[in-house]
Amino acid sequence: MKIFFTLILFVSLSFCDSFITDMEYGQMLYQNPRGIGCNKCHGKKGEGSVIAKYKEHNRSSQELYDKELVAPPINRLSLQDFAKGIKISKDIMPLYFLTNDEIIILYKYIKEINKEKK
Numbered sequence: 001m002k003i004f005f006t007l008i009l010f011v012s013l014s015f016c017d018s019f020i021t022d023m024e025y026g027q028m029l030y031q032n033p034r035g036i037g038c039n040k041c042h043g044k045k046g047e048g049s050v051i052a053k054y055k056e057h058n059r060s061s062q063e064l065y066d067k068e069l070v071a072p073p074i075n076r077l078s079l080q081d082f083a084k085g086i087k088i089s090k091d092i093m094p095l096y097f098l099t100n101d102e103i104i105i106l107y108k109y110i111k112e113i114n115k116e117k118k
């Protein structure tokens, strides 16, 4: 009996690619890759969102202007532009140090959750 269970365990683990699917891993990366998740700034489906609203003082005219800090949409980018945005530090976007495989999985996840359901 012990041999039977050992054999079943061995066979089932041999044919398993991983314990989670790429879609599940992509969701984990999107929601919390290395601290703060992409969804906190870019929205639930990567559609972009307003992160903060603030007032800016114009020194020459002495007027206050309403300003917004906006995270751009990422759900319509090409894979090349998406990867570049993750790898190159700019503005307030943090670097996440994702591997190329993780970037591809994350990109596919965003594309998948944005497919229109028929």
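Residue 61 in my numbering sits at position 61 of the sequence shown, and the numbers go up by one each step.
We treat Cβ as the ideally placed atom computed from N, Cα and C, and that holds for glycine.
Quick caveat, the model's predicted, so the values are computed rather than measured.
1. Starting from Ala71, follow its DSSP beta bridges and name the residues at the other end.
2. To which residues of the same chain is Gly37 closer than 8 Å at the C-beta, ignoring the five residues directly before and after it?
3. Could you pull out every residue in the same chain whose Cβ sits closer than 6 Å to the Cβ of Phe97, ignoring the five residues on either side in sequence?
4. When the Cα atoms are used, what is the spatial distance from Ala71 to Met1?
5. Taking Lys40 as part of the alpha helix (DSSP H), name the residues at either end of that continuous run.
6. In whole angstroms, give me the CA-to-CA distance for Gly26 and Val50.
7. Could you check the C-alpha separation between Gln80 and Pro94 for me, to the nearest Å?
8. Starting from the C-beta of Glu102, find all residues in its chain whose C-beta is less than 7 Å away, skip the five residues before and the five after it, and write them out in chain order.
9. Who are the Cβ neighbours of Met23 in its own chain at under 7 Å, not counting the five residues just before and after it?
10. Determine the closest residue to Phe82 out of Lys40, Asn100, Gly43 and Glu63, with distance taken between C-alpha atoms.
11. Comparing alpha-carbon positions, which option in Ser61, Glu116, Asp91 and Leu64 lies nearest Asn75?
Quick answer:
1. Here residue 71 refers to the residue found at position 71 of the sequence shown. Ser49, per the DSSP bridge assignment.
2. Working through the sequence shown from its first residue, we reach residue 37 at position 37. Within the same chain, Gly37 has close Cβ partners Tyr30 and Gln31.
3. Taking the first residue of the sequence shown as position 1, residue 97 is located at position 97. So the list is empty, once near-sequence residues are dropped.
4. Along the sequence shown, one-based indexing puts residue 71 at 71. Along the sequence shown, one-based indexing puts residue 1 at 1. If you take the alpha carbons of Ala71 and Met1, they lie about 58 Å apart.
5. Working through the sequence shown from its first residue, we reach residue 40 at position 40. Note, Lys40: alpha helix (DSSP H), Asn39 to His42.
6. As a first step, residue 26 is located in the sequence shown; it is residue number 26 there, counting from the start. As a first step, residue 50 is located in the sequence shown; it is residue number 50 there, counting from the start. About 23 Å.
7. Along the sequence shown, one-based indexing puts residue 80 at 80. Along the sequence shown, one-based indexing puts residue 94 at 94. Between the C-alpha atoms of Gln80 and Pro94 there is a straight-line separation of about 18 Å.
8. Counting from one through the sequence shown, the residue named residue 102 turns up at place 102. Once the five neighbours on either side are set aside, the close Cβ partners of Glu102 are Leu29.
9. For this step, residue 23 is matched to residue 23 along the sequence shown. Cβ within range, chain order: Tyr109 and Glu112.
10. Counting from one through the sequence shown, the residue named residue 82 turns up at place 82. Closest option to Phe82, Cα to Cα, is Asn100.
11. Within the sequence shown, numbered from 1, the residue matching residue 75 stands at position 75. Closest by alpha carbon: Glu116.
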